[in-house]
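With the numbering used here as the guide, the letters of the sequence shown map in order to residues 272 to 699. Idealized CB from N, CA, C, for every residue including glycine.
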Amino acid sequence: KQWYQRRVAITAGKAMVVLEDIYTILASVYYLFASRVLQPILNSMFGPRSSEHCNTKILSYSILADIKPFHAINLREKRSFLLKFGGTKDLSYLDREDVTLYAVSEEEFVFVRTKPGVDLYNMEEHPFLYEIQHSSALEVLTATHSTVFEYLKSKPKRDGRNIAYVHNHGRCGSTLIATMMFKTKECVVQSEPNPILSLSLMFNRQKFVINRKTEKYLDLVRATFLLTCPDPQKLYFIKPWPIHTLSLLPLMKQALPGIRELFNCRSIKNSVMSLKKLYGYNLNGVANNMILLLPANYRNIWKKIKCGDGDEAWSFLLLCQVHAFIVETRDRDDIKTFSYEFLLENREEFTMKLLKEVGIGEEHLNDALSALENHSQAKSEIISRLTSLAGAKDVSLSAQVMEWIVKTGNEEFEMEIDRKTGKFIAFY
272 KQWYQRRVAI TAGKAMVVLE DIYTILASVY YLFASRVLQP ILNSMFGPRS
322 SEHCNTKILS YSILADIKPF HAINLREKRS FLLKFGGTKD LSYLDREDVT
372 LYAVSEEEFV FVRTKPGVDL YNMEEHPFLY EIQHSSALEV LTATHSTVFE
422 YLKSKPKRDG RNIAYVHNHG RCGSTLIATM MFKTKECVVQ SEPNPILSLS
472 LMFNRQKFVI NRKTEKYLDL VRATFLLTCP DPQKLYFIKP WPIHTLSLLP
522 LMKQALPGIR ELFNCRSIKN SVMSLKKLYG YNLNGVANNM ILLLPANYRN
572 IWKKIKCGDG DEAWSFLLLC QVHAFIVETR DRDDIKTFSY EFLLENREEF
622 TMKLLKEVGI GEEHLNDALS ALENHSQAKS EIISRLTSLA GAKDVSLSAQ
672 VMEWIVKTGN EEFEMEIDRK TGKFIAFY
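Right, here's the structure in full:
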């Protein structure tokens with residue numbers, strides 16, 4: 272009976288994946304038609320005209336439709352919407368509280384004005400900022416890089432000292448940490464703000480690898496963070512999208528000398544098992560698509576060593592994130608590491624150290640610890656949808672996969688990994 276129930280569950284799960292694949296194909300066709308056919312027609316009818324592009328104005332668009340395919344992380348930008356040009360606005364429009372930075376591209380900054388009464392930063396209701404920012408957008412605004420740089424010159428100079436940023440490799444407890452900070456009510460928590468991801472993906476598309484010598488992007492990095500965290504009187508805590516954002520590491524301290532950086536990690540074995548539980552039968556295709564969005568050096572390594580799809584591909588993604596951190600911190604000791612295992616072993620000591628690093632008083636310890644009572648991602652639409660489709664029963668990693676992880680970590684990334692636990696030796 273148990274065998275029969277398990278087979279039924281697996282078959283049902285696979286059927287749901289097929290339906291999801293059909294939906295994804297249809298959504299992609301709709302997106303291509305809307306963005307490649309309808310949008311150019313609207314632009315030719317309503318503008319903007321070349322005369323309306325200038326360095327002292329921002330362009331305003333009304334949103335006609337949301338055309339972004341589900342979970343298309345590389346399409347969270349202006350082309351996520353079908354837009355109608357509505358004219359220009361003064362730069363002072365960016366000072367409105369309901370106008371926030373939404374994305375960064377090679378040519379422009381993209382802002383959205385959101386619905387009245389929506390609290391974008393309430394993590395209990397909206398675990399991921401990009402979800403609620405996208406779904407509540409009423410108006411899209413764009414400005415060239417030079418326009419925004421001029422706008423920021425009119426603001427007080429800042430070095431990022433009111434920003435704490437937790438680098439992470441995913442499925443390592445970073446959303447839980449962000450929720451702990453939210454519970455203190457002492458900082459504005461931004462969980463996976465889209466501008467950080469879009470900036471990183473822009474860097475990842477380059478044929479060269481971003482490093483400390485890539486100084487031409489410093490103004491862009493600085494502007495992105497200052498616009499994401501606009502109030503100099505508030506403390507901000509940023510938990511970025513994990514998989515692709517570590518390409519920012521070499522530039523952040525140069526662009527914002529005062530920023531506080533942390534690194535959150537977990538055993539690679541447990542992280543991949545968590546990914547399998549989340550994505551289930553969707554695991555293989557998702558992982559390979561995400562590898563295509565990595566920086567060029569990591570894409571080249573994967574072409575050389577590619578071995579299987581699911582478990583190996585996800586393991587490779589996580590190895591890349593940790594390797595980028597190790598490379599950046601070879602001559603730095605200012606980024607403190609916080610492991611998920613440490614949180615499980617001694618939650619009070621972990622939390623006290625975290626609060627101190629972020630700049631929050633120890634009197635908020637119990638508030639932060641209260642976050643451990645609930646599922647930090649329970650109200651995320653995307654997480655709920657993925658989990659309902661996953662259908663994964665066996666999330667374990669085989670001895671063969673663990674051997675591949677240890678071997679690849681040692682030969683390609685010069686890191687030592689415990690074969691039994693999957694822990695990165697350098698962090699424990």
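Output the distance between the C-alpha atoms of K540 and F399, rounded to the nearest integer angstrom. 25 Å
Straight-line gap, K548 to S542 (C-alpha atoms, nearest Å): 10 Å
Nearest to R429 by CA position, among G444, R367, L498, is which residue? L498
Counting only the same chain and skipping the five closest in sequence on each side, list residues whose C-beta sits under 6 Å from that of Q461. L400, I509
Test item: CB-CB of L412 and F453 under 7 Å: no
Under the rule that 16 or more other beta-carbon atoms within 10 Å means buried, what is C536, buried or exposed? buried
Would you kindly report the start and end of the unbroken beta strand (DSSP E) that includes D337? 328-337
Just mark I696 as buried or exposed, buried being the case when its beta carbon has 16 or more other beta carbons within 10 Å. exposed
In whole angstroms, what separates the C-alpha of I604 from that of K328? Contrary to the premise, residue 604 reads as Asp rather than Ile in this sequence. Distance between the alpha carbons of D604 and K328 is about 43 Å.
Coil, strand or helix - T450 by DSSP: helix
Here's a check: name, in chain order, each residue in its chain whose Cβ is nearer than 7 Å to the Cβ of L423, leaving out the five neighbours to either side. A494, L497
Tell me Y507's beta-bridge partners as DSSP assigns them. I434, V459
Drop a sphere of 10 angstroms on the beta-carbon of A670, count the other beta-carbons inside from all chains shown, and report buried for 16 or more, exposed for fewer. exposed
When the distance is taken between beta carbons, is N314 closer than 7 Å to T418? no
To which residues does DSSP link E705 through a beta bridge? The first residue shown for the chain is 272 and the last is 699, placing residue 705 beyond what the model contains.
T446 beta carbon less than 7 Å from that of F534: no
May I ask you to report which of helix, strand or coil DSSP gives L744? Any property of residue 744 remains undetermined from this structure, which presents the chain solely from 272 to 699.
Beta-carbon contacts of F698 that lie in its chain and below 7 Å, excluding the five residues immediately before and after: C536, T608, S610
Please say whether K386 and S407 have beta carbons closer to each other than 7 Å? yes
Outcome for M673 when other beta-carbon atoms lying within 10 angstroms are tallied against a minimum of 16: buried
Under 7 Å Cβ to Cβ from T359, same chain only, skipping five residues before and after it: list those, please. E323, K328, I329, L330, S331
Please report the straight-line C-alpha distance between R690 and S538, rounded to a whole angstrom. 11 Å
Could you tell me the alpha carbon to alpha carbon distance between R442 and M451, rounded to whole angstroms? 16 Å
Give the DSSP-derived three-state secondary structure of K355 in the structure shown. strand
Report the three-state DSSP secondary structure of V389 (helix, strand or coil). coil
Rounded to the nearest angstrom, what separates L520 and E532 at their Cα positions? 9 Å
For L693, which residues of its own chain have a beta-carbon under 6 Å away from its beta-carbon, when the five flanking residues on both sides are left out? The residue asked about is misnamed: residue 693 is Gly in this sequence, not Leu. Cβ within range, chain order: S538, I539, K540.
For K627 and L590, I'd like the C-alpha separation in whole angstroms. 28 Å
Is DSSP giving D361 helix, strand or coil here? strand
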